[in-house]
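Visitor: Order-wise, the sequence lines are chains A and B. When the letters of the first sequence are read in order and numbered with the numbering used here, they come out as residues 2 to 430. When the letters of the second sequence are read in order and numbered with the numbering used here, they come out as residues 3 to 303. Would you mind keeping the following structure in view while I ask a few things?
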Amino acid sequence: MSTEVAPEPHLRALRCATAGSVDDGKSTLLGRLLLDAKAIMTDQLEHLDEASRRRGFARTDLALLTDGLRAEREQGITIDVAWRYFATPARRFVLADAPGHVQYTRNMVTAASRADVAIVLVDVRHGLVEQTRRHLFVTRLLGVNSIAVVVNKMDQVGYAYDVFARVREDISTYLAALPLPGPAPSVAFFPVSALVGDNVVDRSAATPWYDGPTLLSHLEGLDVEERGADAPARFAVQWVIRPQNETHPDYRGYAGRVLSGVLRRGDAIKAWPSGVASTISRLETFDGDVESVGHGAAITVHLADDLDVGRGDLLSVDGQPPPTLAREIEADLAWVHASQAKVGVPYLLKHGTREVRAVLAAIVHVYDVATGARAAPGAGGLAMNGIARVELRTAEAIPVDTFAERRQTGSFLLIDPASGATLAAGMVR
Amino acid sequence: MTQPRGHLTALEDEAIFVLREVVATRARPVLLFSAGKDSIILLHLALKAFRPSRLPLAIMHVDTGHNFPEVLAFRDARLAEIGEPLVVASVQQSIDDGRAIEETGPRASRNRLQSVTLLDAIARHKYDAAFGGARRDEDRARAKERIISLRDDLGGWDPKNQRPELWEIYNTHVRGGEHLRVFPLSNWTELDVWEYVRRERLEVPSIYFTHSREVFSRDGLLYAASPAVPRLPSETPFTAQVRFRTVGDMTCTGAIRSSAATLDDVLRETATATVTERGATRADDKIGEAAMEDRKREGYF
Ligand SMILES: Nc1nc2c(ncn2[C@@H]2O[C@H](COP(=O)(O)OP(=O)(O)O)[C@@H](O)[C@H]2O)c(=O)[nH]1
């Protein structure tokens, strides 16, 4: 055997959220990606063949590969977000597959909240339908920077350029008109037949008018590294390590995560919400101390002074824009629970690693998820799958950024204190 | 310039963050340690998350009584090395107490009984969060699992009623009787696991590497010839060069023919594997399309 053992990939995996209406061909597309990128193992293929045969299908149904739960397979639909992993020589991928039904918009929110890129499917024969509008709206609301629109079933329209171009035009116009803050995402369009395999992994001879990359090579080349080094530093304290044993009698380390920016030894910092000041004396990892550490790192910070800093605190570096200390927060909420939002009721708000009590002070307006238009909150208020601009009042001030500035410190959850259920995803505006 | 975090480092950062979030917010966390490669990594990450203090969590092994002796020896040596105590929950004890009924016949396995033992132990020790090494790439039902997954007071999993997981803000609330199953390695693949073992120079049990063993063939898989695994008359043992890709209960964990003697050999084999880890080695998942889902609903890992 002479195969070289490849080194650890330099980049972290690309996180993709996929969205489409029922029957647009999303499962087929994912199956096609996995199959053509050779990420399907033979036992999975055998399983697929057998499952297809048992259902009386003439052809192996690639969709069965991604429909994981029995209820889904029996009903032939996808209920919950499924996570798939595959690798090409160029990159590793995580696919969060969000089902397309109206009642499961919350799954799209879930998938989009972690995505670098949203892959949105449309059936070229139907074009920009209501469900696609929803997906695009949620994608923009959640601040996904990159969108890949897969215009599928091109084989059904004879690979006609003008049909493709019309869909592309409609979608671009709709996206540009959405009244949401933050930078405009980069959008790419692909004329595809997931069934046949055109322009998914392999270039198609049927679309000579298209000279862009295939979907896979576009994803492989996508640059999504956050420009971490220039962003203001934020560090969330999760846990105070205090061994209090003979070897470490006075050790006090703040274990947590760099949410954005870079921390350096010697940096002057403030801890929020108290605002107390100190200096970073050590940046410790299990494998030894480091001089500086970037976005994403799980580390232990030591401070020069003995302060009252603990779990839930957020550190920022002096000389950079600090977070805003706020008790009154304007936010967009995506309601993800079966219960109704209630004005005046106390909830728990989890921001970073801190939980505070908060009441919903007012629902300013709701969004029509299918058009992006704002409307007065009707009698229905805010319920499952609804999205609204609200005002919240917290029991204590919390250090926030706007979501458009930094999604790590501009996002929060609302939790029901009685049941512990997650009620809503919040974005500070 | 600070370098962007590499692929394995990003996975490590995520897992450590999850470990700390749960430990900081739950009263009685436990880490399930089987001495398989995934739980070896989990334990290593717990050390990274909480050293130099003692681990602020319990470590428990659900022992089916049919484990490979090499793996048990490894388990004890590893815990002695890091100086942390081990809780053993025994499937034999559950059977002796009449809590679980032993399957009989040549295909009997204690795999499914582990759920009873695990749930009893969680209730007895009042654990409210259990860390496991499961990965989403293992199975279709696992692919739908949250990183932090809520179990009801009967330990059951309702896949239709899961909390959405948004950004990296984790909701770790439970009500009385409920507990969390936490899977910090959710986003790792088998290849990531081996690459990480190599990078961190972690020791793993010897049965992951090629060795000569008495085996017999059943349903296209090779099983260890052992008193714990009753054989049919037609199942004649023979000696083969094999290794294991997973190290579960002997009755349902198959070996593969392999000459992979080093980590690099294993990595090469994994990178070019054409059969999934569970498909190659686990009889328990061959039973039906939804075998894993059914066990998970009952409280399995
Ligand atoms: N003609 C044609 N049919 C397709 C294409 N992609 C998917 N389909 C078919 O459309 C139907 C729905 O596809 P499926 O992948 O299950 O859709 P999902 O509901 O979005 O996951 C199936 O019958 C597919 O075979 C395509 O590119 N061209």
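Glycine included, C-beta positions come from ideal geometry on N, C-alpha and C.
In the DSSP assignment, the alpha helix (DSSP H) including A:D417 goes from what residue to what residue?
Guide: Note, A:D417: premise wrong, no alpha helix (DSSP H); not H, not E.
Visitor: When you compare only the Cα positions, how much space is there between A:G69 and A:L216?
Guide: Since pLDDT at A:G69 reaches only 49, below the 50 mark, its modelled position is unreliable, and the value read off the structure follows with that caveat. Spanning the two alpha carbons is a distance of roughly 24 Å.
Visitor: Compare the C-alpha of A:V259 against each of A:V241, A:E247, A:G297 and A:V139 and name the closest.
Guide: Closest by alpha carbon: A:G297.
Visitor: Among B:V217, B:V195, B:T11 and B:N173, which one has its Cα closest to the Cα of A:D417?
Guide: Of the candidates B:V217, B:V195, B:T11 and B:N173, the one whose C-alpha sits nearest the C-alpha of A:D417 is B:N173.
Visitor: When the Cα atoms are used, what is the spatial distance from B:S236 to B:F185?
Guide: Cα to Cα, the separation comes out at about 41 Å.
Visitor: Evaluate the contact criterion for the stretch 243 to 254 of chain B versus the stretch 207 to 227 of chain B: three or more CB pairs, one atom per stretch, below 8 Å.
Guide: Contact between the stretch 243 to 254 of chain B and the stretch 207 to 227 of chain B is present, because at least three Cβ pairs lie under 8 Å.
Visitor: Going by beta-carbon coordinates alone, are A:A426 and A:S205 separated by less than 8 Å?
Guide: Contact: no.
Visitor: Take the Cβ of A:S3 as the centre, count every other Cβ of all protein chains shown within 10 Å, and call the residue buried at 16 or more, exposed below.
Guide: Its pLDDT being 37, under 50, A:S3 is placed unreliably by the model, and the measurement read from it follows with that caveat. Flag for A:S3 reads exposed.
Visitor: Which residues share a DSSP beta bridge with B:F70?
Guide: In the DSSP output, where bridge partners are listed per residue, B:F70 has none listed.
Visitor: Identify each residue in the stretch 386 to 417 of chain A for which the Cβ-Cβ distance to at least one residue of chain B is less than 8 Å, and report them in chain order.
Guide: Correct list: R408, Q409, S412, F413, L414 and I416.
Visitor: How many angstroms separate the CA atom of B:L88 from the CA atom of A:R93?
Guide: So the two alpha carbons sit approximately 36 Å from each other.
Visitor: At a cut-off of 7 Å, is A:Q132 close to ligand 1 when judged by its beta-carbon and the heavy atoms of the ligand?
Guide: Incorrect: A:Q132 has no Cβ contact closer than 7 Å to ligand 1.
Visitor: In terms of DSSP beta bridges, what is A:R394 paired with?
Guide: Note: A:R394 sits in a beta bridge opposite A:E329 and A:V360.
Visitor: Tell me whether the beta-carbon of A:R375 lies closer than 8 Å to the beta-carbon of A:H366.
Guide: Their beta carbons are under 8 Å apart, which means A:R375 touches A:H366 by this criterion.
Visitor: What are the residues in the stretch 141 to 161 of chain B lying within 7 Å of chain A by C-beta distance?
Guide: Within the stretch 141 to 161 of chain B, the qualifying residues are R142, A143, A145, K146 and P161.
Visitor: Can you confirm whether A:A166, when its beta carbon is compared against all beta carbons of chain B, has any partner nearer than 8 Å?
Guide: So, not an interface residue.
Visitor: Check for me: the alpha helix (DSSP H) holding B:L57 runs from which residue to which?
Guide: Neither: B:L57 is in no alpha helix (DSSP H) and is coded neither H nor E.
Visitor: Determine the chain A residues that contact B:I18 at a beta-carbon separation under 7 Å, and present them in chain order.
Guide: Near B:I18 (Cβ distances below 7 Å), the residues of chain A are A299.
Visitor: Is any heavy atom in ligand 1 found nearer than 7 Å to the beta carbon of A:K351?
Guide: No, Cβ of A:K351 sits at least 7 Å from all heavy atoms of ligand 1.
Visitor: Consider the C-beta atom of A:A278 and the heavy atoms of ligand 2; say whether any pair is separated by less than 7 Å.
Guide: Absence of ligand 2 is noted for the structure shown, with ligand 1 being the only ligands found.
Visitor: Pop quiz: A:H352 and A:I388 are said to be a contact at Cβ under 8 Å. What is the actual Cβ separation, rounded to whole angstroms?
Guide: That pair is no contact at about 19 Å.
Visitor: Kindly identify the DSSP beta-bridge partner or partners of A:W336.
Guide: Answer is A:A425, bridged to A:W336.
Visitor: Let's test the definition: count the other Cβ atoms within 10 Å of the Cβ of B:I103 and tell me whether it reaches 16, buried, or not, exposed.
Guide: Under this definition B:I103 is an exposed residue.
Visitor: 8 Å is my cut-off, CB to CB: does B:I171 come that close to chain A?
Guide: Yes, contact with chain A.
Visitor: What residue ranges within the stretch 133 to 198 of chain A form continuous beta strand (DSSP E) runs of no fewer than 3 residues, ordered along the chain?
Guide: You should have 147 to 153 and 187 to 192.
Visitor: Mapping DSSP to helix, strand and coil, what is B:W196?
Guide: It is helical.
Visitor: Using alpha carbons as the reference points, say which of A:G144, A:V429 and A:A116 lies closest to A:I330.
Guide: Ranking the options by Cα distance to A:I330, first place goes to A:V429.
Visitor: Please list the partners that B:D139 has in chain A, where partner means a Cβ-to-Cβ separation under 7 Å.
Guide: Those are Y86, listed as they occur along chain A.
Visitor: Measuring straight from C-alpha to C-alpha, what distance separates A:K343 and A:A384?
Guide: If I take the Cα positions, the gap works out to 9 Å.
Visitor: Return the chain-ordered ranges of every beta strand (DSSP E) run that is complete within the stretch 182 to 248 of chain B and spans a minimum of 3 residues.
Guide: Those beta strand (DSSP E) runs which fall completely within the stretch 182 to 248 of chain B and span 3+ residues are 213 to 220, 223 to 226 and 240 to 246.
Visitor: Scan the stretch 173 to 193 of chain B for residues whose Cβ lies nearer than 9 Å to a Cβ of chain A and list them as they occur along the chain.
Guide: Those would be N173, T174, H175, V176, R177, E180, S188, N189, W190, T191 and L193, in chain order.
Visitor: Can you pull the chain A residues whose beta carbon is under 8 Å from the beta carbon of B:L49, in chain order?
Guide: Residues of chain A passing the Cβ test: F287.
Visitor: Pull up the distance between the alpha-carbon of B:V24 and that of B:F133, whole angstroms please.
Guide: Each residue's alpha carbon lies about 9 Å from the other.
Visitor: At what residues does the alpha helix (DSSP H) containing B:S111 begin and finish?
Guide: Per DSSP, B:S111 belongs to no alpha helix (DSSP H) and is neither H nor E.
Visitor: Taking beta-carbon pairs under 9 Å, can you tell me which members of the stretch 208 to 240 of chain B lie near chain A?
Guide: Listed in sequence order: no entries.
Visitor: Quick one: which residues of the stretch 110 to 127 of chain A get their C-beta closer than 8 Å to a C-beta of chain D? List them in chain order.
Guide: No chain D is present in this structure, whose protein chains are A and B.
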